[in-house]
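Some notes on the structure that comes next.
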Amino acid sequence: MEDGNNPVSSNKETVVEIEDSKHVEDLGHLVNQEEHDVNWWQCIKQNPKIVMWCLYSIWFIILASFDNAAGISTISIPEFRKDFGSPFNGDYVLPARWQSAYNGAPTAFTVASSLSAGLIADRFGRKLTFFIAFIVSFIGVTVEMISTTNAVFFVGKSVNGVAIGLIISVGMTYVGEITPPALRGLTTAACALAFTFGPWIGSFIVLGTGTKTNRWAYRAMFASQYGFNVTGFVFLWWLPESPWWLVSKNRKEAALQSLQILGLSVTDAHKKVANIELTLEANRQETDGATYFECFRRSNLRRTIISIAPLSIHAFAGISFLGTYFAYYIQLSGISTENSFRIGVINGIANVIANLVSLLFIDRVGRRNLSLIGMVLIVLLLAAFSACAAVGTPLAAKVSVACVMIWAVVFNVTIGATAYTIVTEIATPRLRVKTIALGLALQNTWNTMWAFVLPFIFNPNEANLGGKTGFIFVGFSFLALVYMFFYQPETAHRTYEEIDELFAKRVPARAFKTYQTEAELKGIEAKGREKTHV
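In the numbering used here, the protein residues as written are 1046 to 1579.
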């Protein structure tokens, strides 16, 4: 008689399947507990290859931030305004419509490419998406380099905006997917560091070439983009694919191989795959299909809003104004061009140091508390800056510049860092790349709006509000502070499985920190069973 017709044989097979399923579940919970048992320094020593590939991926974000800064900083270079602008009161001014176009349209293309990144990266993988982004970037930089008219430069910046959206969306996703929980706060906060490190390097280039009286005053920035892109592209072939993406595509063997390339032993790789399967299966019914629409359905809606809101808050906390027009504002305040570039370098150094400091606080203070402290200080500093700008005396102008520099430090220590950690770790695992893409797309949508509006509010040949524009952001920042107090949960030291459970049970935001999850209890039980078997 065939085994298939033997009820005893069928029952045995069913028992084996149940036991195998239970074993996989135990492995998944065991990994959850083991990840709680190590601190960040132990995790670094245990996972040097993961750290290396995380740093490599963060380098991609540095490239994108440098490319973005290369286009923005040109407005502060007199030779660029001379070649692309028109005379005004003895100087040269770039028309407001082109300022809006330069900042707004490329940001709009970044929005579109961020959303496309979610589809491309989920369909073809993180690695191939990086390849596409670098090819697009090389094309955009070349067009910027050869441009001699506003229209051509606009095209180059827009093409590069596509690359920036792809690189940042997938780069942050990749870092979040390969990083153990003990390092997740550090590595995702390091993504914020990347956004200040690129412009800081650019400020040195502008300081060295920005006062030249030929086209290399600004073309040096574009030429530097080639070097940055080459350093990112050269090792891309060896980048291991995200094991989360591979498991989601039922490519378990490839995921095991990827984890081993990332430095895990065969045993640990099997445990990690089991943990990924457990986490993905836990929310599979809630995210069936994994489309953008799923981000706004059922329990995912709350997670989506909480994930993406901090990135949008950036645009309303002054970064769209002070981050973009800082050097230009200094020049309008009466400080010489060369000194404005020097202040830009000093400000860049302060921002990098501030982001490094954030790495110390992101886990110790926590995402929620650090964000709240930051927003309180940001409201006060924006109010002080705006008041000084309204006074208009030389001393008040200097104080306003100091306020901006302190604001930048506070921003980068607090919400500038926590927003990238929050969007990476709170997003539903199967929707992570799409949620990050949505967050970046919405952030850049607001930035696009400000890019078109601010030149007409701020510039001396338009509404001429100057620094008084800051009062607008005082109001928005206060509203953001209220939102964070009531709705921002604490997710530091939580695994993805635990975060899933907290949202599934609709735990209130202010109770996240102290709530004990079933995942924690099952992890302790699984660890006890393992010791018993040994």
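All residues carry an ideal CB built from backbone N, CA and C; glycine is no exception.
The model shown is predicted, which means the values in this text are computed figures rather than measured ones.
Cβ separation of residue i and residue j, assumed to be a contact under 8 Å, to the nearest whole Å
i	j	result
Ile1353	Tyr1532	Incorrect: roughly 12 Å between the Cβ atoms, too far for contact.
Ile1212	Phe1105	5 Å
Ala1441	Cys1448	The Cβ separation is near 10 Å, so there is no contact.
Val1454	Ala1399	4 Å
Glu1222	Arg1409	Actually they are not in contact, since the Cβ atoms of Glu1222 and Arg1409 sit about 24 Å apart, beyond 8 Å.
Thr1256	Ala1262	7 Å
Phe1366	Thr1152	In fact, because the Cβ distance is near 14 Å, the residues do not count as touching under 8 Å.
Leu1427	Ser1303	Contact doesn't hold; Cβ gap of about 45 Å is too wide.
Pro1225	Asn1092	6 Å
Glu1470	Ile1364	Incorrect: roughly 22 Å between the Cβ atoms, too far for contact.
Phe1407	Gly1230	Sequence inspection shows Ile at residue 1407; the Phe mentioned does not correspond to that position. Their Cβ separation, rounded to whole angstroms, is 4 Å, which keeps Ile1407 and Gly1230 in contact under 8 Å.
Ala1300	Leu1307	The pair is not a contact, with the Cβ atoms about 10 Å apart (cut-off 8 Å).
Close Cβ partners of residue i (< 8 Å) along its chain, the five nearest in sequence each way excluded
i	result
Gly1411	Glu1535, Ala1537 and Lys1558
Met1046	Bear in mind that a pLDDT of 40 at Met1046, under 50, signals an unreliable position, so the model cannot answer this.
Ile1103	Gly1216, Val1220, Thr1232, Ala1235, Cys1236, Leu1238 and Ala1239
Phe1530	Leu1417
Close Cβ partners of residue i (< 6 Å) along its chain, the five nearest in sequence each way excluded
i	result
Gly1201	Gly1185, Val1188, Glu1189 and Ser1192
Asn1396	Thr1241, Ala1453 and Asn1457
Ala1150	Ser1203
Ile1358	Ala1525
Ser1118	Gly1247 and Val1251
Boundaries of the alpha helix (DSSP H) in which residue i is found, first to last residue
i	result
Tyr1337	Note, Tyr1337: premise wrong, no alpha helix (DSSP H); not H, not E.
Ser1522	Gly1515 to Tyr1532
Asn1384	Thr1382 to Arg1409
Tyr1541	Tyr1541 to Ala1549
Arg1260	No alpha helix (DSSP H) holds Arg1260; DSSP gives it neither H nor E.
Pro1244	Pro1226 to Thr1254
Trp1086	Trp1085 to Gln1091
Trp1290	Pro1288 to Ser1293
Gln1561	Here Gln1561 belongs to no alpha helix (DSSP H), and DSSP marks it neither H nor E.
Pro1553	That residue, Pro1553, is in no alpha helix (DSSP H); it is neither H nor E in DSSP.
Gly1201	Asn1195 to Ile1223
Arg1413	Arg1412 to Val1436
Ile1351	Asn1345 to Phe1361
Distance between residue j and residue i (C-alpha atoms, nearest Å)
i	j	result
Gly1253	Ile1375	18 Å
Leu1323	Lys1317	10 Å
Thr1540	Lys1172	25 Å
Ala1564	Cys1088	21 Å
Leu1566	Thr1218	28 Å
Leu1415	Phe1133	45 Å
Ala1549	Ile1394	42 Å
Gly1135	Ile1460	40 Å
Leu1417	Ala1525	9 Å
Val1552	Ala1227	23 Å
Leu1284	Gly1277	11 Å
Gln1305	Leu1547	31 Å
Ser1403	Ser1310	32 Å
Lys1479	Ser1445	39 Å
Tyr1560	Arg1342	25 Å
Trp1098	Ala1429	42 Å
Asn1027	Thr1562	With the chain running from 1046 to 1579 in the structure shown, residue 1027 is simply not present.
Gly1437	Leu1405	38 Å
Ala1583	Glu1286	In the structure as shown, the chain starts at 1046 and stops at 1579, and residue 1583 therefore has no counterpart that could be examined.
Ala1162	Pro1288	18 Å
Glu1507	Arg1260	27 Å
Val1083	Val1197	53 Å
Ala1141	Ile1517	20 Å
Asn1392	Pro1439	20 Å
Thr1369	Pro1500	11 Å
Asp1167	Thr1194	38 Å
Tyr1528	Phe1169	37 Å
Residue range of the unbroken beta strand (DSSP E) whose run includes residue i
i	result
Val1138	Asp1136 to Val1138
Pro1132	Ser1131 to Phe1133
Spatial neighbours of residue i in its chain, beta-carbon cut-off 7 Å, leaving aside the 5 residues before and after
i	result
Leu1510	Ile1502 and Phe1503
Ser1182	Asp1112, Asn1205, Ala1208 and Asn1274
Thr1484	Residue 1484 is actually Gly in this sequence, not Thr. For Gly1484, where only same-chain residues beyond five positions count, the Cβ hits under 7 Å are Ser1352, Ile1353, Leu1356 and Val1468.
Phe1267	Ala1115, Val1186, Glu1189 and Met1190
Ala1360	Gln1488, Trp1491, Asn1492 and Trp1495
Ala1435	Lys1513
Val1519	Val1424, Leu1427, Ala1428 and Ser1431
Phe1199	Ala1146, Tyr1147 and Ala1150
Ala1462	Ala1234, Ala1237, Asn1400, Ser1403 and Ile1407
Residue-chain proximity (residue i, chain D), Cβ-Cβ < 7 Å
i	result
Phe1497	As a matter of chain content, chain D is missing from the structure shown, which is built from one protein chain.
Stretch-stretch touch, CB-based, cutoff 8 Å, three pairs: the region 1100-1113 with the region 1244-1257: The answer is yes - the region 1244-1257 touches the region 1100-1113, with three or more Cβ pairs under 8 Å.
Between the region 1152-1167 and the region 1203-1211, are three or more C-beta pairs nearer than 8 Å? yes
Contact between the region 1375-1394 and the region 1417-1426 is defined here as three or more beta-carbon pairs at a separation below 8 Å; is this criterion met? no
Would you check if the region 1121-1138 and the region 1176-1184 touch, i.e. whether three or more CB-CB distances between them fall below 8 Å? no
For the pair the region 1230-1239 and the region 1462-1469, tell me if three or more CB-CB distances fall below 8 Å. yes
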